[in-house]
Amino acid sequence: MYHLNRASNTVLLKGVNSLEHLLEETVLHLHINHKELPPEKKKVIENIRMQDDILTGKNVLVVDDDVRNLFALTTVFERYNINVVTAESGKEAIQIINDDKQKVDMVLMDIMMPEMDGYETTQKIRREHKNNTLPIIAVTAKAMKGDRQKCIEAGASDYITKPLKIDQLLSLMRVWFYK
């Protein structure tokens, strides 16, 4: 029921592009891979997303100890005009969030990191900064039973597994910005 109420808060205004926006909203909320749609529908979705994508201009903090993952996500996010801030450790992530000059709209938190793992980092962000509205998406390579619940209990807003499917990640990020 909660998901239905949340989804019903999105109102589509009737206008010239209302069918196109309805298609985009349907694809977004049902987590449909738009690349599997017929070519004309795929083009409609891509045009809408490039014009008024909610991710455009957002500041996303990507926390991962593997620089290859940081580079790959930075490259993808730049195509969507997403501003990327990177941190290679939990401590560095907390310093960035503490920096008043650096606005962070969302955090992608790797769970398996040395020293301070993603669980501990997420807990510190929630506890020390009293920040309950910042979306934190846990990213983990080990998809063990109970991992999702453990991430949520640590304070993560949501959870996604590696290897990341970019369309799925972007869709998940959009959902959290629409809230």
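Counting from -16, one number per residue, gives the positions in the sequence shown under our numbering. Using N, Cα and C, we set each Cβ at its ideal position, and we do this for glycine too. Predicted, not measured: the structure shown is a model, and the values here were computed from it.
Beta-carbon contacts of residue i that lie in its chain and below 7 Å, excluding the five residues immediately before and after
i     : result
Ile37 : Arg157, Phe160, Tyr161
Ser72 : Asp48, Met96, Glu98, Met99
Val10 : His17, Ile28
Gln85 : Val68, Ile79
Phe60 : Val43, Val67
C-alpha distance - residue i paired with residue j, whole-angstrom precision
i       : j      : result
Leu(-5) : Glu111 : Only weak support is given to the placement of Leu(-5): the predicted model assigns it a pLDDT of 47, under 50, and the value that follows is read from those uncertain coordinates. Approximately 38 Å between the Cα atoms of the pair.
Ile120  : Ile77  : 15 Å
Thr104  : Met92  : 8 Å
Ile65   : Leu56  : 10 Å
Pro146  : Glu75  : 24 Å
Pro45   : Arg109 : The question names Pro, yet the displayed sequence has Val at residue 45. Going from the Cα of Val45 to the Cα of Arg109 covers about 17 Å.
Pro22   : Thr58  : 25 Å
Lys25   : Asp83  : 40 Å
Leu153  : Arg51  : 19 Å
Nearest to residue i (by Cα), restricted to the options the options
i      : options                        : result
Asn42  : Ala124, Lys74, Val87           : Val87
Tyr63  : Glu75, Leu20, Gly40            : Gly40
Met89  : Lys25, Val67, Asp150           : Val67
Thr124 : Phe60, Lys24, Ile94            : Checking the sequence shown, residue 124 turns out to be Ala, not Thr. With distances taken between Cα atoms, Ala124 lies closest to Ile94.
Thr116 : Lys128, Phe54, Asp141          : Asp141
Leu155 : Asp130, Pro118, Cys134, Lys128 : Pro118
Own chain residues within Cβ distance below 8 Å of residue i, not counting five before or after
i      : result
Gln106 : Ala137, Gly138
Ile15  : Thr9
Leu20  : Val10, Ile28
Asn114 : Ile80, Ile108
Cutoff 6 Å; reference residue i; Cβ partners in own chain excluding five residues on either side
i       : result
Val(-1) : At Val(-1) the pLDDT is 44, less than 50, meaning the model places this residue with poor confidence; the figure from the coordinates comes in the next sentence. So no residue of the chain qualifies.
Ala126  : Thr144
Tyr102  : Ala137
Contact belief for residue i with residue j at Cβ below 8 Å, rounded distance in angstroms
i      : j      : result
Ile143 : Gln151 : 7 Å
| said: Please give the ranges of any alpha helix (DSSP H) in the segment 71 to 155, keeping only runs that are unbroken, at least 4 residues long and fully inside the region. | reply: 73 to 81, 101 to 112, 130 to 137
| field | Minimum length 3: unbroken beta strand (DSSP E) runs contained in the segment 5 to 43 | value | none
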